[in-house]
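So the sequences go chain by chain: A and B.
Take 49 as the starting number for the first sequence in the working numbering and just add one per residue.
Take -15 as the starting number for the second sequence in the working numbering and just add one per residue.
Backbone N, C-alpha and C define an ideal beta-carbon position, used for all residues, glycine too.
Here's the structure we're looking at; comments come further down.
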Amino acid sequence: MTDFKESGFMYAVGVMVIAVVMGQSIFFLVKAYKRGIELGMSKSSLKETMVSSALFTVAPALAIVATILALSGSLGLVLPWIRLSVIGNISQETAAASAALDTVGGSISQEVTDPNQFTLITWVMTLGSILPLIILPLFLKKMQKGINKAVKKSTKDNSKLVDSLAAAAFIGLISAFIARAIDGKGTAGNNPYYGKTFGDGAGIMSVTTLVVAVAVMLILSKIAEKHHIKWLETFAMPISMFAAMGVAILMAQVLPADIAYLEWRG
Amino acid sequence: MSEDKKLTAENAAAENISDEKEAAMDKIANESQSAYINKMHLYGRIWTLLALAAIMAVPVLFCIHLNTWPKASNVFKALASVAPLFYITAIIETTAYTPLLGTGGMYLSFVTGNISNLKLPCALSAMEAAHVKSTSDEGEVITTISIAVSSIVTTAILALFVLAFRPVLPYFTKEDSFFAPAFKQVLPALFGALGAQYFTKHWKISLLPILALVIFLIFSPGTGSGTLIPIGVVLSIVWCLVLYKLKWL
């Protein structure tokens, strides 16, 4: 039986969404290019902008591909593909999916096999992310006027507070997942090798993965900063994520099962 | 234009004809730019609503195709725990990026997403390379071109890789596959990597929410992320404000 998450219909829906995004991008590109010529900008400088933007995009786009693959274990390829092609960003989509599964006692560290749970996740991801698309058509014009005035008035002090508050909100979100990796109770898995006890609760595996991810990320960003390696800055996140996942595989292969899969909270 | 300005313009003209010519050309340029911006707002609104319709169609089509609808109560329960954070973020982001991304760029980047990690740095570096400011007429052109190209390339790369990866996916995700333990640990791997930089940069803010949630889980280990997220977010925002008031930030 083919997986319902990967059926031809699902891909067709994905293609429809992609077509709209592509259409809008090409339309705006043409409009802006013509306007540039009207303003007397040189064709070569406009082309330069296009080429450099395309090159700039390749690395971060590959990093996004990596996050799609990471989510595909549980959600299949199509849903993460659609969500990360429009509006989405990885932390928000993952949090939305986790919160959705939480209401029905599921977990994102297992494959979602119930179509009903899958639609629940899709709804939560979608409704959670569309607000900007309502704000912009209604308010962008007014906001531009107001903000241009406000920017001139803002002091250095309160812009630092705004930055810190934005970081704090994100830190709060991350803390929830960090804490669960340290001492949260999991939902039991159904691994044919290790039986019902091998779930996704906090244990040796989750803490090691967490520590490796943090450590690799810190080391890589230090190296990138010190030696001014631009590409490493972009890829530090996916490399750290895959390194940590790699360590999980290594532990499963090397350590005795009762140590590798030890979960202190069940 | 007010009478006074007209008068001064006429005076200037009396003194120097080329000055008047310049002023007139400036006026024409300003008018053509605001006409362009107005048109971009119109196109932006139309395309954003189109995109919104396509995005909203996804869950509807999935439900019809799979012939199953989730309980509304579950959808709202999940949204209640994450949406407040997402919606506040949306308001902050739309406000913060408005002066940076230009009109066309704003409409485009909020449809295609991945702004802070891709569209914004891409547009900023394009403006730097072209020596233009985001508030200038040329800046508007450069940001739109840069974000449009970036969106096209991103969308194409994602589509290519997804199609290429499709045939091999089942080997990776089967329960007994070699890779299964890795997929079980996606969350700690992802949020460890994402969090690392925040923790070092804002360690004073980070300490309390992590510690508090770990202690919370000691007493209530089964609490899911849906409950923990809002607790964590409110805690760390309040803590951030306290640190600011105490001038420890």
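Fully contained in the stretch 107 to 161 of chain A is no beta strand (DSSP E) run of length 3 or more. Counted as a single uninterrupted DSSP element, the stretch harbouring A/Arg313 is not any alpha helix (DSSP H), since DSSP gives it neither H nor E. Distance check between B/Leu108 and each of B/Gly86, B/Gly97, B/Ser65 and B/Asp121 places B/Gly86 closest, using alpha-carbon atoms only. The C-beta of B/Val198 comes closer than 7 angstroms to at least one C-beta of chain A.
A straight line joining the alpha-carbon of B/Cys224 with that of B/Val125 spans about 38 angstroms. The C-alpha of A/Ser269 is placed about 21 angstroms away from the C-alpha of B/Lys103. Nearest to A/Val172 by alpha-carbon distance, out of A/Ala144, A/Leu181 and A/Met191, is A/Ala144.
The C-alpha of B/Ile202 lies about 16 angstroms from the C-alpha of A/Ile252. By the rule that beta-carbons nearer than 7 angstroms mark a contact, A/Leu181 touches chain B.
Residues are counted here when their Cβ sits less than 7 angstroms from a Cβ of chain A; for the stretch 51 to 70 of chain B these are Thr52, Trp53, Pro54, Asn58, Val59, Lys61, Ala62, Leu63, Ser65, Val66, Ala67, Leu69 and Phe70, given in chain order. Boundaries of the alpha helix (DSSP H) harbouring B/Val66: Ala56 to Thr96, taken from the DSSP string. Counting along the chain, A/Glu86 sits inside the alpha helix (DSSP H) bounded by residues Gly56 to Glu86. Measuring C-alpha to C-alpha distances from B/Ile221 to each of A/Glu281, A/Val210 and A/Gly234 identifies A/Val210 as the nearest. By the rule that beta-carbons nearer than 7 angstroms mark a contact, A/Trp171 touches chain B.
CA-to-CA, the gap between A/Ala107 and A/Asp150 works out to about 33 angstroms. Shown here for A/Ala214: not one same chain residue has a beta carbon closer than 7 angstroms to its own, the five before and five after excluded. Contact with chain B is absent for A/Asp306, since none of that chain's Cβ atoms lies less than 7 angstroms from the residue's Cβ.
For B/Lys185, the enclosing alpha helix (DSSP H) has its first and last residue at Val170 to Lys185. Using a Cβ-Cβ cut-off of 7 angstroms, B/Pro151 does not count as an interface residue toward chain A, since no Cβ of chain A sits closer than that to its own. Taking a Cβ-Cβ cut-off of 9 angstroms, the neighbours of A/Phe52 in chain B comprise His49 and Leu50, given in sequence order.
For B/Trp232, the closest C-alpha among the options A/Val65, A/Thr174 and A/Ser212 is that of A/Ser212. Taken through DSSP and simplified to helix, strand or coil, A/Gly232 comes out as coil.
Secondary structure at A/Gly176: helix, using DSSP grouped into helix, strand and coil. Annotation: Cβ neighbours of A/Leu87 in chain B (cutoff 8 angstroms, chain order): Asp121, Glu122 and Val125. Scanning its chain for C-beta atoms nearer than 7 angstroms, with the 5 sequence neighbours on each side dropped, one finds around A/Arg131 the residues Glu141 and Met173, in chain order. Taking 8 angstroms as the upper bound for CB-CB distance, A/Ser93 and B/Ala114 are in contact here, some 6 angstroms apart. In this chain, B/Thr119 is not harboured by any alpha helix (DSSP H), its DSSP state being neither H nor E. The alpha-carbon of A/Lys193 is positioned some 24 angstroms away from that of B/Ala110. In the DSSP secondary-structure assignment, A/Gly294 is not bridged to any residue. According to DSSP, residue pairing for A/Gly251 in a beta bridge involves A/Glu311. By the neighbour-count criterion, in which a residue is buried when 16 or more other Cβ atoms sit within 10 angstroms of its Cβ, B/Phe175 is buried. Within the stretch 118 to 134 of chain A, the residues whose Cβ lies closer than 9 angstroms to some Cβ of chain B are Ala118, Leu119, Ser120, Gly121, Ser122, Gly124, Leu125, Val126, Leu127, Pro128, Trp129, Ile130, Arg131, Leu132, Ser133 and Val134, listed in chain order. By alpha-carbon distance to B/Ala74, the top candidate from A/Lys233, A/Gly176, A/Ala308 and A/Thr170 is A/Gly176.
Residue burial is scored here from C-beta neighbours: A/Asp162 has fewer than 16 other C-beta atoms within 10 angstroms and is therefore classed as exposed. At a cut-off of 7 angstroms, the C-beta of B/Trp187 has no neighbouring C-beta in chain A.
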